[in-house]
Structure formats: structure tokens, C-alpha cells
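A.B. asks: Next up is a structure, given as C-alpha cells.
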Amino acid sequence: MSRTYVITGARAGIGATAAQLLRRAGHSVIGIGRRDCEVVVDLGTSAGRQEGARAAVEAAGGRIDGVIACAANTATSATTVSVNYFGAVEVLEALRPTLAASPAARAAVVTSVSVVQPCHPELVLALRAGDEPRALTIAAALDGDPAGRELVEPSTKRALAQWMRARAGSPDWAGAGIALNAVGPGVTLTDDTTQLLATPGAGAFVDAMVPMPLNYYAPPEAVAGLLVWLTSAENTHVCGQNVLCDGGADVSTR
Numbered sequence: 000m001s002r003t004y005v006i007t008g009a010r011a012g013i014g015a016t017a018a019q020l021l022r023r024a025g026h027s028v029i030g031i032g033r034r035d036c037e038v039v040v041d042l043g044t045s046a047g048r049q050e051g052a053r054a055a056v057e058a059a060g061g062r063i064d065g066v067i068a069c070a071a072n073t074a075t076s077a078t079t080v081s082v083n084y085f086g087a088v089e090v091l092e093a094l095r096p097t098l099a100a101s102p103a104a105r106a107a108v109v110t111s112v113s114v115v116q117p118c119h120p121e122l123v124l125a126l127r128a129g130d131e132p133r134a135l136t137i138a139a140a141l142d143g144d145p146a147g148r149e150l151v152e153p154s155t156k157r158a159l160a161q162w163m164r165a166r167a168g169s170p171d172w173a174g175a176g177i178a179l180n181a182v183g184p185g186v187t188l189t190d191d192t193t194q195l196l197a198t199p200g201a202g203a204f205v206d207a208m209v210p211m212p213l214n215y216y217a218p219p220e221a222v223a224g225l226l227v228w229l230t231s232a233e234n235t236h237v238c239g240q241n242v243l244c245d246g247g248a249d250v251s252t253r
């Protein structure tokens, strides 16, 4: 049976690959992003998130079966905070009432293997409290220190994984028949990552941080395929899990 999906960050990378897989399987996909999507908004703002959710529901004709939150932006610490965390949480919460009407409602967020790496506890607390101004202030302060700046992205992913775990089993999610999960990729060969790895010395640094003994770097299809299954009608009982699709990075480093 054909299903209707909403994917944030559907223009490129894992989100675009997930959209392709779903469309090839005969499903409808409504992408949300800054450009080249069915719904064009800025997920870095609350107004953009709310409008994105509203427009997606309208484009779907009021019926949504699955949501995959892939949007990410690490251009600055501010966009990392606003898009990676709030761009996922606020859109998912706004879509939840519509999603709950589906007989097989599913949702997934993209975290990262970095959820098990060092983070900034104060930033994580601000994110989990939903205090975007405070989170932005902390991120701006971390921007002044290269070591601190490296903690922003893992902190957003740690907070997102915590939000997912806290909400997944609640009456509004599992109690309403919605399976909510996450996938945490290791190094995934998106266009942006491929460009980064072409930088001299980058490969050795990445390999030291995220060793992947099983099949090395992952193609986007490896992560997207897992997201597609978690948000499929076939997934009837996986709930509240942050599945690391990391080629063994976590088990190699902890």
C-alpha cells in the first residue's frame, strides 16, 4: 500500500537518498528544505518550522504516514543548534497530530555516532529545555574556541537522541500508535563529506575519530535504507531506539 512521507533535508545527502528509495517503492514524498523541495522554508527559524509543517500537511492532503527528520546544517554554530535540534523536534511535534491519524504511523530522526562522543552538558540541557535563545548564546560562546566549537554538533545530536528516547514511549507517541526511533550514522559518503575527505589530512583525522572496521565509509543508501524500514508499516515494535549505523565505530572506541 502506498504511504505518504515527509522528509526534512530531502534535497541532498541521506534525506535525498531516502526520498529516492521511497519514491521507487511507489510512495509519495513531501520534502522540506531551503530549496529544491516541495515545501521551501528555513528550518533555522521557528516560523519556518511551523510553516513547513503546516504546508506539508496541506500538500499531503491531511494524511501523513511517516516522517524522517534528516535536515542538518553545520555552517555555523547557530545553524547547527537551530536546524539540527529544533528543526527536527519542532517539526515532528507539529506534525504529530496529523501523523497519529495514520493506521501505521512512524517517525525517525537522524542523530550521529557522535552521540557517544564528548559534548557540552550545558548546551545539551538548554536544548532539552527547549530554550533556543540560551542554546544559541552558549553555542556563540563556544565558537570562540576551536575545541569548544567541535562540541556543538555532538551536543545537538546527543540532545536529539535524548528527546527521542524521552518521547518515544509517551502517550502522545507510542500510546498513539506512532513508532519513534533514530539512526546514528558514522561517516557517510554524502557530497559534503566526500569534499571534506578530499582535504589533505582529513581522512586520517576522521578515521582516528570514527574508525569503521566493517566495510569502512557508508554509502547514503546504508543509512537511508534503515530509516525507510524504521518508518515502514513493517516496523511494528521497534520503539525508542537510536540505531548506530556506524560500521563498528562505537564498539571499536568504547
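Just so we're aligned, residue 0 is where the sequence shown starts under numbering that gives the first Met the number 0, counting upward by one.
All C-beta atoms in this analysis are idealised placements derived from N, C-alpha and C, irrespective of residue type, glycine included.
These numbers come from a predicted model, not from an experiment.
To which residues of the same chain is residue 218 closer than 6 Å at the C-beta, ignoring the five residues directly before and after it?
C.D. replies: Cβ neighbours of residue 218 beyond the five flanking positions: 188.
A.B. asks: DSSP puts residue 7 in a beta bridge; with which residues?
C.D. replies: For residue 7, which the question treats as bridged, DSSP gives the partners 31 and 68.
A.B. asks: Please return the same chain residues whose Cβ sits closer than 7 Å to the Cβ of residue 149, not counting the five positions on each side in sequence.
C.D. replies: Contacts found: none.
A.B. asks: Closest to residue 70 by CA distance: which of 17, 25, 56 and 21 is it?
C.D. replies: Comparing Cα positions, the closest option is 17.
A.B. asks: Starting from residue 183, follow the beta strand (DSSP E) in both directions and report where the run begins and ends.
C.D. replies: That run of the beta strand (DSSP E) goes 177 to 184.
A.B. asks: Using CA atoms only, rank isn't needed, just tell me which of 9, 93, 23 and 109 is closest to residue 239.
C.D. replies: If we check each option's Cα against that of residue 239, 109 comes out closest.
A.B. asks: Which runs of the alpha helix (DSSP H) fall wholly inside the stretch 144 to 174 and span at least 4 residues, in chain order?
C.D. replies: Taking only runs of at least 4 residues, the alpha helix (DSSP H) segments lying wholly in the stretch 144 to 174 are 145 to 148 and 151 to 167.
A.B. asks: Counting pairs of Cβ atoms below 8 Å between the stretch 105 to 119 and the stretch 179 to 198, do you hit three or more?
C.D. replies: Because the criterion of three Cβ pairs below 8 Å is met, the stretch 105 to 119 and the stretch 179 to 198 touch.
A.B. asks: Which residue comes first and which comes last in the alpha helix (DSSP H) that contains residue 56?
C.D. replies: From DSSP, the alpha helix (DSSP H) with residue 56 extends over 45 to 58.
A.B. asks: Is it buried or exposed for residue 157, if we count other Cβ within 10 angstroms and need 16 for buried?
C.D. replies: Result: buried.
A.B. asks: Comparing alpha-carbon positions, which option in 66, 133, 164 and 10 lies nearest residue 104?
C.D. replies: With distances taken between Cα atoms, residue 104 lies closest to 66.
A.B. asks: Output the distance between the C-alpha atoms of residue 2 and residue 118, rounded to the nearest integer angstrom.
C.D. replies: Using only the alpha carbons, I get a separation of about 37 Å.
A.B. asks: Per the contact definition of three or more C-beta pairs closer than 8 Å, is the stretch 42 to 51 in contact with the stretch 76 to 86?
C.D. replies: A contact exists between the stretch 76 to 86 and the stretch 42 to 51.
A.B. asks: By the 10 Å Cβ neighbour count, where 16 or more other Cβ atoms means buried, how is residue 116 classified, buried or exposed?
C.D. replies: The residue in question, residue 116, is buried, as its Cβ has 16 or more Cβ neighbours within 10 Å.
A.B. asks: To the nearest angstrom, report how far apart residue 68 and residue 206 are at their CA atoms.
C.D. replies: Distance between the alpha carbons of residue 68 and residue 206: 26 Å.
A.B. asks: Does the stretch 214 to 228 come close enough to the stretch 13 to 30 that 3 or more CB-CB pairs lie under 8 Å?
C.D. replies: The stretch 13 to 30 vs the stretch 214 to 228: in contact.
A.B. asks: Start and end of the alpha helix (DSSP H) containing residue 105?
C.D. replies: Run containing residue 105: none in the alpha helix (DSSP H); it sits in the beta strand (DSSP E), 104 to 109.
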